[in-house]
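J.: Going by the numbering used here, the sequence shown opens with residue 47, and the numbers climb by one from there.
Quick one: the structure is below, questions incoming.
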Amino acid sequence: MSLQEIAFVITTTLFGDIIDAPTLKKTVYESLDFEIPLTNVHDDFFLLELFHGPTQSFKDIGARFMARLLPLMAPLEDEYRDIIVATSGDSGGAVANGFRDTPRTRVIVLFPNGELSSEQISRFISEKNVLPIEVNGTFDDCQDMAKKAILSEIDTPSGHNIVSGNSINLLRQLPSIIYYFHAYARAMEQRPGQEVVISVPCGNLGNLSAALMAKKMGLPAKRFIAANNANDVFVEYLKTGDFHPKEALITIARAMDVGNPSNLARIIDLYDGDMEQIRTDVEGMSVDDPSIRETMRKLADSYGVITDPHTASAFAALETKLKPGETGIALASAHPAKSGEVVSDVTGRKIQSPQSEAQPTDLRDARIVKIPPTLSALHRAMLIENHNK
Ligand SMILES: *Cc1c(COP(=O)(O)O)cnc(C)c1O
């Protein structure tokens, strides 16, 4: 089965009792109008290239399905919808792009001051129905504010529904299940009958939650590897059973700089708190910046494969943990061009973005609203009206 055929079976399993088959089929083909290749790096090591969507990260897949499924599942009449999304880099662009043409909808992007590249900001700032809000705080502050907003802890403008655009929203997370089955199917074409281990670069643990849901749905993957960067809260949790959120450190794999991952609760719930079973299915490893760089350099020099730092963290963990006879897949979560500076610094190679760059935007002139990390400031910013008609 092709990627789209697999996607149709899975979306029918998940949503078939609320959305009819022809509509689901259309949703699948519109959302997945690109491929997700499984490429061999060397021996039993593969990369699943999840970055061929419009904003070049795996988040396009969840965001594109969500933008099409949400209006079908919860149609709007007189009211407006705010999709609120905290971003450490890639979510903002993916969600803004997904919802760019959705009627009566706008996307509120909360991002931490000074942590995004201008390339990342330009991905969402150019959409007319985006309200870009720069928060004088960290990503965890942004995430906290976005959560409080959906829990109605602030007064939202009347006639507005608020929905999370982050992976705590199942509608953004469930579509990721598709590519785990797809990856397995492609691996079986190349390594029939082998046991498959999948390494996931983790931040908020949305992608890993989807992997574990796929396993519960019957995906015959043997186990998963959770790669953290130096922000190792989840790896520590697997080791000790204790969860201690920490202030996030800034690393070269920025989209993984999360100190309080919001999907940990979901994983614990999925396993009914059975720590031994979680440890059977998931092995953790933290990969620091020097090891990420080393892996990027080695992949480029020895195999001619250019990876971004997030992908390299997953690959490094896979190389350490894969056992003889197993087939390993590392998720390539973003296109290397998205981290162009780090890539050229580490590998000495310049990498071209496969798509024409987003319109050059003079960021100082753009409509960025700057606020302190408080709910009252967020409330005031939300009074600006810029929904799609
Ligand atoms: C968001 C992101 C991650 C982390 O994914 P989570 O679902 O938050 O764990 C990893 N790599 C890239 C490139 C990302 O954008």
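Backbone N, C-alpha and C define an ideal beta-carbon position, used for all residues, glycine too.
Would you mind working out which of Arg-110, Arg-152, Ala-273 and Glu-180 sits nearest Phe-80, comparing C-alpha positions?
T.: Comparing Cα positions, the closest option is Arg-110.
J.: If you count every other CB in all the chains shown that lies within 10 Å of the CB of Tyr-226, and 16 or more means buried, which is it?
T.: By the 10 Å Cβ count, Tyr-226 comes out buried.
J.: Extract the residue ranges of the alpha helix (DSSP H) inside the region 274 to 325, only unbroken runs of 4 or more that lie entirely within it.
T.: Listed in chain order, they are 279 to 286 and 310 to 316.
J.: Write down the C-beta distance between Ser-308 and Ile-224 rounded to the nearest angstrom, noting that I regard them as a contact closer than 8 Å.
T.: With a Cβ gap of about 22 Å, Ser-308 and Ile-224 do not count as contacting.
J.: Confirm the yes/no value for this check: CB of Asp-291, any heavy atom of ligand 1, distance under 8 Å.
T.: Going by the sequence as given, residue 291 is Pro instead of Asp. No; taking the cut-off as 8 Å, the Cβ of Pro-291 has no heavy atom of ligand 1 nearer than that.
J.: Closer than 8 Å is the cut-off here; do at least three beta carbon pairs connect the region 126 to 145 with the region 200 to 215?
T.: Segments in contact, yes.
J.: Check whether the Cβ of Gly-138 sits closer than 8 Å to any heavy atom of ligand 1, and report yes or no.
T.: Checking every heavy atom of ligand 1 against the Cβ of Gly-138, none is found closer than 8 Å.
J.: When the distance is taken between beta carbons, is Ala-256 closer than 9 Å to Ser-222?
T.: Yes, the Cβ-Cβ distance between Ser-222 and Ala-256 is below 9 Å.
J.: Pull up the CB-CB distance for Asn-275 and Ala-260, whole angstroms please, since I reckon it's below 8 Å.
T.: At roughly 24 Å, the Cβ-Cβ gap does not stay under 8 Å, so Asn-275 and Ala-260 are not in contact.
J.: May I ask whether a heavy atom of ligand 1 can be found less than 8 Å away from the beta carbon of Met-321?
T.: Checking the Cβ of Met-321 against ligand 1 gives no.
J.: Do you know how far the Cα of Leu-49 is from the Cα of Phe-289?
T.: For Phe-289 and Leu-49, the distance between alpha carbons rounds to 36 Å.
J.: Within its chain, find whatever has a CB closer than 6 Å to the CB of Phe-104; leave out the 5 residues flanking it on each side and keep chain order.
T.: Cβ within range, chain order: Leu-96 and Ser-379.
J.: Report, in whole angstroms, the separation of the C-beta atoms of Leu-156 and Ala-132, which I expect to be a contact under 8 Å.
T.: Indeed they touch by this definition, with Cβ atoms about 5 Å apart.
J.: Starting from Ser-48, follow the alpha helix (DSSP H) in both directions and report where the run begins and ends.
T.: Per DSSP, Ser-48 belongs to no alpha helix (DSSP H) and is neither H nor E.
J.: Using C-beta distances below 8 Å, list every residue in its chain close to Val-281, excluding the 5 sequence neighbours before and after it, in chain order.
T.: Only Ala-272, Asn-274, Gly-330, Met-331 and Ser-332 meet the Cβ criterion.
J.: For Ile-167, count the other beta carbons within 10 Å of its own beta carbon; 16 or more makes it buried, fewer makes it exposed. Which is it?
T.: So Ile-167 ends up on the buried side.
J.: Just list the alpha helix (DSSP H) runs in the region 54 to 139, keeping only unbroken ones of 4 residues or longer that don't cross its boundaries, in chain order.
T.: Listed in chain order, the complete alpha helix (DSSP H) runs (minimum 4 residues) inside the region 54 to 139 are 67 to 77 and 105 to 119.
J.: In the DSSP assignment, the beta strand (DSSP E) including His-206 goes from what residue to what residue?
T.: Per DSSP, His-206 belongs to the beta strand (DSSP E) from 206 to 210.
J.: Check the DSSP bridge columns for Leu-177 and list the partner residues they point to.
T.: In DSSP, Leu-177 forms a bridge with Ile-154.
J.: Who are the Cβ neighbours of Leu-284 in its own chain at under 8 Å, not counting the five residues just before and after it?
T.: Counting only Cβ-Cβ distances below 8 Å, and skipping sequence neighbours, we find Ala-272, Ile-324, Arg-325, Val-328, Glu-329 and Gly-330.
J.: Given Gly-139, which residues of its chain have a CB within under 7 Å of its CB, disregarding the five upstream and five downstream residues?
T.: For Gly-139, where only same-chain residues beyond five positions count, the Cβ hits under 7 Å are Thr-101, Gln-166, Arg-169 and Phe-170.
J.: Among the candidates Leu-93, Pro-266, Ala-294 and Ile-313, whose CA atom is the shortest distance from the CA of Gly-287?
T.: Selected option, being the one with the closest Cα: Ile-313.
J.: Taking the alpha helix (DSSP H) that Met-428 falls in, what are its first and last residues?
T.: 421 to 428 is the span of the alpha helix (DSSP H), which, as asked, contains Met-428.
J.: State the beta-bridge partners of Arg-169 as determined by DSSP.
T.: DSSP lists no partner for Arg-169.
J.: Is the number of C-beta pairs between the region 423 to 434 and the region 188 to 205 that are closer than 8 Å three or more?
T.: Flag = yes, the region 423 to 434 and the region 188 to 205 touch.
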